[in-house]
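A quick write-up on the structure given underneath.
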Amino acid sequence: MSTQTTPERVLLQGSEACVRGALAAGCRFYAGYPITPATEIMELMSRMLPQAGGVFIQMEDEIAGIGATIGGSLGGLKAMTATSGPGFSLMQEHISFAAMAEVPCVIVNVMRGGPSTGLPTRPMQGDVMQARWGAHGDHPILVVAPSSAYEFFDLTVKAFNLAERYRSPVIVLADEIVAHTRESVVLPPLAEIEIEDRVKPTVPPEWYSPYRDPGTGIPPMAAFGEGYRFHVTGLMHDINGFPTQRQDETQELMMRLFNKISKDFHLLQWYDSYYDEGAEITVIAYGSVARSALRAVKMARDKGLPVGLLKLKMLWPFMRRTVMQYLESSRKVIVAEMNMGQLSREVKRVNQGKCEVLTLNKIDGQMITPSEILAKVEEALA
Amino acid sequence: MKQTPQLIHRYLRSSKRFPHVWCPGCGIGILLGALVRAIDEGGYSKDDIMLVSGIGCSGRLPVYLDFNTLHTTHGRALTFATGIKLAKPHLKVIVVMGDGDASSIGGNHLIHSARRNIDITTIIVNNQIYGMTGGQASPTTPFGLATASSPYGHLEHPFDISKLVEAAGAVFVARSTVYHTKALDRVIGQALKKKGFSVVEVMAPCVTHFGKMTGMGSPVDMMRWQKDNAVPFEKAREMSAEELQNKIVTGVLVDIGKPTFHEEHARIWREVK
Amino acid sequence: MDDHGSTGILLWTREAHGATILPGGSDRNCQMNRVEIFKGWCKKCGICVAFCPRGVLTTGDDGFPKVSNPDACTGCRWCELRCPDFAIVVQKDEHTDNA
Ligand SMILES: Cc1ncc(C[n+]2csc(CCOP(=O)(O)OP(=O)(O)O)c2C)c(N)n1
Ligand code: SF4
Ligand code: SF4
Ligand code: SF4
Ligand SMILES: [Mg+2]
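Residue numbers (the working numbering), protein chains in the order written: chain F, 1 to 382; chain P, 383 to 655; chain S, 656 to 754.
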């Protein structure tokens, strides 16, 4: 692991940047199963984690990968796993468990093309809704989406911070282009990277109630094996972690799960905007599409067209506040994504007729090009 | 030997209500006692025991005990336990699973945990049926038995779980019954002491479903059946396949040694530092 | 709770049974080896009665086991070991060994 004290310029593949970010964030546990286009993350982890004193294990499948990841986290380590669509589908039951038992963990899903085995080496963004709704039962989830190697680094660090802060599974939703593109990245000095750790109990073990709300909505989390003997279950539980069906207790637990995140919606508006001054048209994009979009917007501005870009870095919870602002300031928005319209549904949902919402969709495994976006912009302005 | 009810009170969670959830005469309660006695006998600190279960009637066992306890998902207990063991190698990790839990939905994790030789003691509560969901056929249900999901008789052949984990590489494998309680205490104790992946297959009557389906009306009938049909491993070697039909072969089937996963992982740590 | 379609397990939820935190209803005897039954936890499964090697226990009219033949008890503790509910305890008199 690098211990650099000054910014470092390196040529990194997105996957490498992700691994560097995880290690910088304090990740010390990785369990997973190989799958294109996420295999590089696992292979790098197998090399780098032991050097950092962390645990790497290749499991028998993705269900086991995330199961062990949750176990590692319950054992006190910051833990992650990475996969692509087919493996992500297998992980859903355990994402639900992690949400219910409030176990911090990071799940990287490098999206490939198509349903099923689809296009393993090609990009699409078909898992946006699955990332939000794929796991059973009603529960909140946090999903970030990098558009470059640097963001893959940065958002992986932040995903760990979110996981530890909210005691929640956090999904890093990347796509094949972001994971495989090799580009120059300036990594910040380690000391400048903000890192959050889970809050641990300070009370003596006999006073510890593992799910008692301390007022923040997020109970302090002891690790197994450190003298606090407690129970963790995926069943609805009371403040002591014991199963319950009592309505007052189930209601309280469920509301706390939602509120611990929704109280902070204002802190979770993660986006970058470009050229929004006087923009009549705003392109909304995320992941690798945001890069084509930025190029397209620059080309449009060169032609004197009033176009801006809103790049979403957090997909879930959906940034209603931010998106609303752009819906109010723009005449039209264009949501460009490599699926048949997943995030655009959310944009339309919050739009409430304020503005015309256009979509640009592509699902053939090829990236959306700047000229395709530019053409859509010109059509919208015509 | 210490007296069970008194000893057990030192290990039961005082905040849990009793009697426990299992049906009258269910073998899981007897196993609970055996496990506590073996842990007590082994002299482990409560803080160092990590008890993990899957989903099923046996999955309800850990919550009663004052250890580190984790109730996971159906079939996947070993995956969580693997993560915990690697994060906290000092913990004595014990996994309790049902027969369906361990050998159907969790069969893949079972064989790979054995192959990997992760240092975990696994107790498989084999009642030859899906107890919790109401008596459907499991991978250990006898051929031909009518169950809730095989009303015309079960068309499939059962696993021999002990042989399965032996073939997969477990370093310690024993089978016992809850009727043979003292032997059960003993093999659980041995399994706990063993370094590596150890398995105890416990034949434990599901009175409510397996009992009903086999016409064994009462817990007493089912215990008597265990008494009459258990054959020690050594004796079984001299018996024919026909003679062994519907018998329970008991005893220590495997006791070997090989490097454990976390020890090997620790070696890598030393080498790459 | 998970899949509590099973009728058996439902019988014994705390709602159905009421809460007994500590054993109660002990049935004390004054002979050398004392066998106590805690009716609050006993589920009347009959295992202790059926497998007592000395016929010390019988089933009472209320369905609970009963110590009917105390003098025959050897203190072997099989009843205690096989009770699924920790509802029976043998106090072995250490001064006599009639096992
Ligand atoms: C993924 C999943 N599938 C199915 C179930 C339903 N289910 C709960 S317990 C069980 C079977 C339990 O049988 P076994 O593992 O033998 O345990 P027992 O109840 O007999 O102790 C099933 C199918 C579940 N909880 N999760
Ligand atoms: S259903 Fe069967 S296994 Fe489950 S508690 Fe009842 S007797 Fe035991
Ligand atoms: S201790 Fe032995 S002899 Fe005495 S009642 Fe129990 S089983 Fe019978
Ligand atoms: S074995 Fe236990 S639960 Fe069953 S009848 Fe005897 S005392 Fe009661
Ligand atoms: Mg079963």
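Glycine included, each C-beta is placed from N, C-alpha and C at the ideal position. Please read these numbers as outputs of a predicted model, since none were measured by experiment.
### Query
For Ala279(F), which of helix, strand or coil comes out of DSSP?
Residue state, collapsed to three classes: coil.
### Query
Does ligand 3 have even one heavy atom less than 8 Å from the beta-carbon of Thr729(S)?
Correct: Thr729(S) has its Cβ closer than 8 Å to ligand 3.
### Message
Measuring only from the beta carbon, is Asp716(S) closer than 8 Å to any heavy atom that is part of ligand 4?
### Response
Asp716(S): no, Cβ never under 8 Å from ligand 4.
### Query
Cβ atoms of Ala459(P) and Leu452(P): under 9 Å apart, would you say?
Yes, the pair counts as a contact, with Cβ atoms nearer than the cut-off.
### Message
ligand 5 and Gly457(P): does any heavy atom of the ligand fall closer than 8 Å to the residue's C-beta?
### Response
No; taking the cut-off as 8 Å, the Cβ of Gly457(P) has no heavy atom of ligand 5 nearer than that.
### Query
Any idea what DSSP makes of Val10(F), helix, strand or coil?
DSSP places Val10(F) in strand when its eight states are reduced to three.
### Task
Report the residues of the region 706-727 of chain S with a CB closer than 9 Å to any CB of chain P, ordered along the chain.
Of all residues in the region 706-727 of chain S, Phe706 have a Cβ within less than 9 Å of some Cβ in chain P.
### Message
Could you give the first and the last residue of the continuous beta strand (DSSP E) run that contains Arg689(S)?
### Response
Per DSSP, Arg689(S) belongs to the beta strand (DSSP E) from 689-692.
### Query
In chain C, what lies closer than 7 Å to Pro406(P) by C-beta?
The question asks about chain C, but that chain is absent: this structure's protein chains are F, P and S.
### Own chain partners of Arg20(F) with C-beta closer than 6 Å, once the 5 adjacent residues on each side are dropped
Result list for Arg20(F): Phe153, in chain order.
### Message
With a threshold of 9 Å between beta carbons, is Ala556(P) in contact with chain S?
### Response
Closer than 9 Å: no.
### Message
The alpha helix (DSSP H) that contains Gly424(P), what's its start and end?
### Response
409-424 is the span of the alpha helix (DSSP H), which, as asked, contains Gly424(P).
#### Entry: Proximity below 9 Å, CB of Ser96(F) to CB of Pro140(F)
At a Cβ-Cβ threshold of 9 Å, Ser96(F) and Pro140(F) do not count as neighbours.
### Query
Going straight from the alpha carbon of Val172(F) to that of Phe400(P), what length do you get?
Each residue's alpha carbon lies about 45 Å from the other.
### Those residues which DSSP pairs with Gln273(F) across a bridge
Strictly speaking, residue 273(F) in this sequence is Ser, with Gln absent from that position. Per DSSP, Leu310(F).
### Query
Are Gly516(P) and Ser486(P) close, meaning C-beta to C-beta below 9 Å?
Going by C-beta atoms, Gly516(P) is not nearer than 9 Å to Ser486(P).
#### Entry: Near ligand 2: Asn509(P) beta-carbon under 8 Å from a heavy atom
Yes; taking the cut-off as 8 Å, the Cβ of Asn509(P) has a heavy atom of ligand 2 nearer than that.
### Query
Residues in the region 615-648 of chain P with C-beta within 7 Å of chain F's C-beta atoms, listed in sequence order?
Across the region 615-648 of chain P, CB contacts with chain F closer than 7 Å involve His647, in sequence order along the chain.
### Query
Assuming Val704(S) contacts Val722(S) under a Cβ cut-off of 8 Å, what Cβ separation, rounded to an integer in Å, is found between them?
In fact, because the Cβ distance is near 10 Å, the residues do not count as touching under 8 Å.
### Task
Decide yes or no for the touch test of the region 176-191 of chain F against the region 199-206 of chain F: beta carbon pairs closer than 8 Å, at least 3 of them.
Because the criterion of three Cβ pairs below 8 Å is not met, the region 176-191 of chain F and the region 199-206 of chain F do not touch.
### Query
Exposed or buried, which one is Ile638(P) when buried takes at least 16 other CB atoms within 10 Å?
With fewer than 16 other Cβ atoms within 10 Å, it is exposed.
### Reference Met111(F), options Glu176(F), Leu49(F), Ser73(F), Ala159(F), closest by Cα
Out of Glu176(F), Leu49(F), Ser73(F), Ala159(F), Glu176(F) has the C-alpha closest to the C-alpha of Met111(F).
### Whether Phe265(F) touches Arg349(F) by CB criterion (9 Å)
For the pair Phe265(F) and Arg349(F), the CB atoms are not nearer than the 9 Å cut-off.
### Query
Any beta-carbon of chain P closer than 9 Å to the one on Asp748(S)?
By the rule that beta-carbons nearer than 9 Å mark a contact, Asp748(S) does not touch chain P.
#### Entry: Terminal residues of the beta strand (DSSP E) in which Glu337(F) lies
Its beta strand (DSSP E) spans residues 332-337.
### Query
Residues of chain F with a CB under 9 Å from the CB of Gly465(P): which are they?
Those within 9 Å of Gly465(P) in chain F are Phe29, Ala31, Val55, Ile57, Gly67, Ala68, Thr69, Ile70, Gly71, Gly72, Ser73, Leu74, Gly75, Leu77, Ala79.
### Message
Under 8 Å, with one C-beta from each stretch per pair, do the region 272-284 of chain F and the region 297-308 of chain F reach the 3-pair mark?
### Response
The answer is yes - the region 297-308 of chain F touches the region 272-284 of chain F, with three or more Cβ pairs under 8 Å.
#### Entry: CB contact flag (Pro115(F), Ile35(F), <9 Å)
Going by C-beta atoms, Pro115(F) is not nearer than 9 Å to Ile35(F).
#### Entry: In chain order, each alpha helix (DSSP H) run of at least 4 residues that lies wholly inside the region 73-160 of chain F
The region 73-160 of chain F contains these whole alpha helix (DSSP H) runs: 85-101, 128-133.
### Message
For a cutoff of 9 Å on Cβ pairs, would you count Ile650(P) as touching chain F?
### Response
For Ile650(P), the answer is yes, since a Cβ of chain F falls inside 9 Å of its Cβ.
### Message
Measuring only from the beta carbon, is Leu712(S) closer than 8 Å to any heavy atom that is part of ligand 3?
### Response
Yes, the Cβ of Leu712(S) comes within 8 Å of a heavy atom of ligand 3.
### Query
Would Asn490(P) count as contacting chain F if we go by Cβ distances under 9 Å?
Closer than 9 Å: yes.
### Query
Measuring CB to CB, does Thr461(P) end up less than 9 Å from Gly67(F)?
Yes, Cβ-Cβ distance for Thr461(P) and Gly67(F) is below 9 Å.
#### Entry: Ser396(P) at chain F interface by Cβ criterion, 9 Å
For Ser396(P), no CB of chain F lies under 9 Å from its own CB, so it is not counted at the interface with that chain.
### Collapsed DSSP secondary structure at Met432(P) in the structure displayed
Here Met432(P) sits in strand by DSSP.
### Task
Run down chain P in chain order and give the residues with a C-beta less than 7 Å from the C-beta of Leu257(F).
Result: empty, since nearest Cβ-Cβ is about 18 Å, beyond 7 Å.
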